[in-house]
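Residue numbers (full-length UniProt numbering): 1 to 1007.
Built from N, CA and C at the ideal position, the CB exists for glycine as well.
Owing to the predicted nature of the structure, the values given are computational and were not obtained by experimental measurement.
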């Protein structure tokens, strides 16, 4: 049984100070109680403002007679107006409450009415359905009795015609045929001939016993019975039996005949299809014993009423006892009950046979499904109608009260808004409150805009305005405002901060007592002094900046004047010595070597200054390319080894536990960092010292990146703890006797740290005087470079050490993206179509600014098809080639001619762009292997000349490489050259290796 039943505002106007009240109060203050001498001026200003406000209000009234006719000035004091407004608000609230309560009552009554109608409708529906089921079941029982009576008459007639009065032989066969045909016709399970002991024989000759219990006695007493039984060889049956006169069938004496139905066949008549199989139907005795059930999980011994007693809770006045009484009395009825999981309808009615009762149980939700939908729609419709009606009533009441209230407070609000408009357009703040601070009468509407504190917060608590005070500022409200005499006032200055934006403001504050009507009030005025304060601070800051700028310029000029003049002096001096010793080739060669070294040092100084300019402008650009750690270290070693050898220093480079040796990085910048650190170590380590570069891989924090640590360690002079703190500060250099003779600008470490920061890395320094210094750089590099992709080879040649030994400054040229910053100053060529970026397969000779700059006879690098490079001598690059040189400076033409013809090249010269165009146009096709074009020339500059050549109607005008060979080495100059049609850019001063690399690259592309 449990398996069947359990699962399924308006804010009113406050009495605030109006413009007239302020004017009146101020006038009284000014006339009756003049403030002390120090505050008279401010009090007079306040009084004048109030008088002006009153005058403006009077003029407005004169210009608006219609307004005076429609707005009747309220009578009485503001307090009386507030009292009247409060009474009207209460009346309005009471009217709204009555309407709401009425709506709730009407909705409740209607819902109750609908519920009763739903119950009545459901009861009629259930009664109709179960009456049909009951009639079907009753007809089945009645038909069975009629069949047995008819068949018994047939048996008696058959026996009369038998010779011995017994049904056997042919009579028995005839009887069997008759019963078989009747069974096919009516569908009963079996037919029995019964004796007084319950033994039976079927027409087919099957014998057995039916267990009929006490009902067998009733049958023997001459009463027809219906019983559930289980034969000796079968399933449960429902047996209909009726007594007959003693007779015999096929030798078996019987006193009754019976037919049986399978229990499932009987219970099928109780199945109700009207509720999608969710209903249950039972036939019980008056005591509640279960005779038939539409479900097969209950035995005959189950008692339905006892189950109800355990799990059901009946609704209303109905109880299980009343249901029992109605069943015993043979009455019909419908009621409702609930279980812990659902709510049900219970229907019961007599079957019409003996005292059997049919019981039906259906979930309420199933019965009311369609009715509930109608109910819900009706309730919603009525509720909406009632709500609309109620809302209209409330709106009418509210509008009526609002109009009355507006008429009373309109003039007060008009005057208050007028003053608020006047005060809100300024950055001054006005507040009026009672001396004890219990009530706030007026707050200017600009507090939220100026301080980020709403007027509502100040109305709630006047001291909430002090939330904006900055530490160190005193609030006038903390001075005991209740004790402020009527002839006294407070003044002070404060700094306040906007609570949302953090904007700072400065105020001059005044607090004084005023009489408004018959009430004492305190007026708190904050006069904005922000513009004056900010102007004063800007002037002071500008003065400090000007002093610092002048100091920085003086420091810079003092340092750079000395450092630049030193190599210039060497160049000029050695030039004079060389001229004086023109016949002494050994002396001349020594002078030229010194001039070359001084020139390299001067270029290094200029590069440092330009690098700092780029760093300060935030224009450092990183160009990621395939980087091979082994090539990088080999390059660094080739550059630094000659310098350490010259000073008999021990240089060691090692890479330990480095699993990722190929990664994406700006190889030029990484090399610059390492060379700066190693150069620093070489300069500040005495002869015979030790310098080491140690590289190790750190634990990965991301599978896509490798973390490398570069540690540069030396045992040189070291630094004091005080100087370590400033080692990365521009132009900072340690003082002392040890530093004498060591050249430098104090920018190397600043540039290094800026590059490390740009790469997202860290740099740390540890040093002790006379014990050495250790720099630790940690950088993160992106992985995922394809194995087949070639990396840029190490710049320069390991044997090219002559120039390395001559240079102390190790700062590379730096690229830039603006017209005011250097780019490729030292001859790194850039290919057209690559947006000014280096190609990873491009052979890059060391730049003059590097310690590893290649000699003029150094090798250029070409690329094999496999991507690996082979070394080419300058002769292999230039010999047999013809170039058109466009250069307006005769000295530069001489230098270029001497450098290139030395390696077998042939040159045609042009002094301006126009001559270059004419020379190219008049030459036979493919005469020139390349055009070397200066940018700034008279008559026609290099850009226009390039465009003119490209426009010539000949095939080689589009294919002949044009290389910009110019001192215009800024990013926009590079872009301008490429946009004009040039193929590459080599900046001056250049070396033959730089030009060779560019030519090899372009020549390979042409092939």
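Within the same chain, Cβ atoms closer than 7 Å to the Cβ of residue 724 are found at 765, 767, the five residues on either side in sequence being excluded. Remark: C-beta atoms of residue 433 and residue 441 approach each other more closely than 8 Å. Cβ-Cβ separation between residue 393 and residue 435: approximately 46 Å, too far for a contact (criterion under 8 Å).
Residue 476 is positioned such that its CB atom lies closer than 8 Å to that of residue 509.
The C-beta of residue 403 has fewer than 16 other C-beta atoms within 10 Å across all chains shown, which makes the residue exposed. Residue 227 has its alpha-carbon roughly 9 Å from the corresponding atom of residue 211.
Pairwise C-beta distances place the segment 947–962 in contact with the segment 916–936, as three or more of them are shorter than 8 Å. Note: residue 349 is bridge-paired with 358 in the DSSP secondary-structure output. Put simply, the segment 653–661 touches the segment 681–696. At least three CB pairs are less than 8 Å apart.
By the Cβ criterion, the segment 179–190 is not in contact with the segment 213–220, since fewer than three pairs of Cβ atoms, one from each stretch, lie closer than 8 Å.
In this chain, the alpha helix (DSSP H) harbouring residue 185 covers 170–186.
In this structure, residue 660 and residue 783 form a Cβ contact; the two beta carbons are roughly 6 Å apart against a cut-off of 8 Å.
Around the beta carbon of residue 197, fewer than 16 other beta carbons lie within 10 angstroms, which makes this residue exposed. Of the residues assessed, residue 625 falls on the buried side of the cut-off, its CB having 16 or more other CB atoms within 10 angstroms. Just measuring C-alpha positions, the residue of 539, 324, 499 sitting nearest residue 286 is 324. Excluding residues up to 5 positions away in sequence, 200, 254, 256, 258 lie with their Cβ nearer than 6 Å to the Cβ of residue 194 in the same chain. Under the DSSP assignment, residue 780 falls in the beta strand (DSSP E) whose first and last residues are 772–782. Residue pairing by DSSP puts residue 521 in a beta bridge opposite 514. Taking C-alpha positions only, residue 605 is separated from residue 501 by approximately 46 Å. For residue 386, the closest of 772, 713, 99, 904 by C-alpha to C-alpha distance is 99. The Cβ atoms of residue 151 and residue 182 sit closer than 8 Å to each other.
A distance below 6 Å between beta-carbons, with the five flanking residues on each side excluded, links residue 506 to the following residues of its chain, in chain order: 495, 529, 530, 533. By the beta-carbon neighbour count (other beta carbons within 10 angstroms, threshold 16), residue 748 is buried. Membership of residue 943 in any beta strand (DSSP E) is not indicated; the residue belongs instead to the alpha helix (DSSP H) covering 942–950.
With a 10 Å radius around the Cβ and a threshold of 16 neighbouring Cβ atoms, residue 396 comes out exposed. Judged by DSSP in its simplified three-state form, residue 759 adopts coil rather than helix or strand.
When the five nearest sequence neighbours on each side are left out, the beta carbons in the same chain lying within less than 6 Å of the beta carbon of residue 504 are those of 497, in order along the chain.
By the Cβ rule, the segment 634–646 does not count as touching the segment 707–714, because fewer than three pairs are nearer than 8 Å. With respect to residue 239, residue 356 sits apart: the two C-beta atoms are not nearer than 8 Å. Excluding sequence positions up to five before and after residue 326, its CB lies within less than 6 Å of the CB of 333, all in the same chain and listed in chain order.
Between the alpha carbons of residue 776 and residue 885 lies a gap of roughly 48 Å. With a threshold of 16 other beta carbon atoms within 10 Å, residue 471 falls short and is exposed. Between residue 321 and residue 247, the C-beta spacing is not below 8 Å. DSSP, reduced to helix, strand and coil, places residue 933 within a strand of the structure shown. Looking at the DSSP output, residue 208 shares a beta bridge with 200.
Minimum Cα-Cα distance from residue 315 among the listed residues 335, 180, 995 corresponds to 335.
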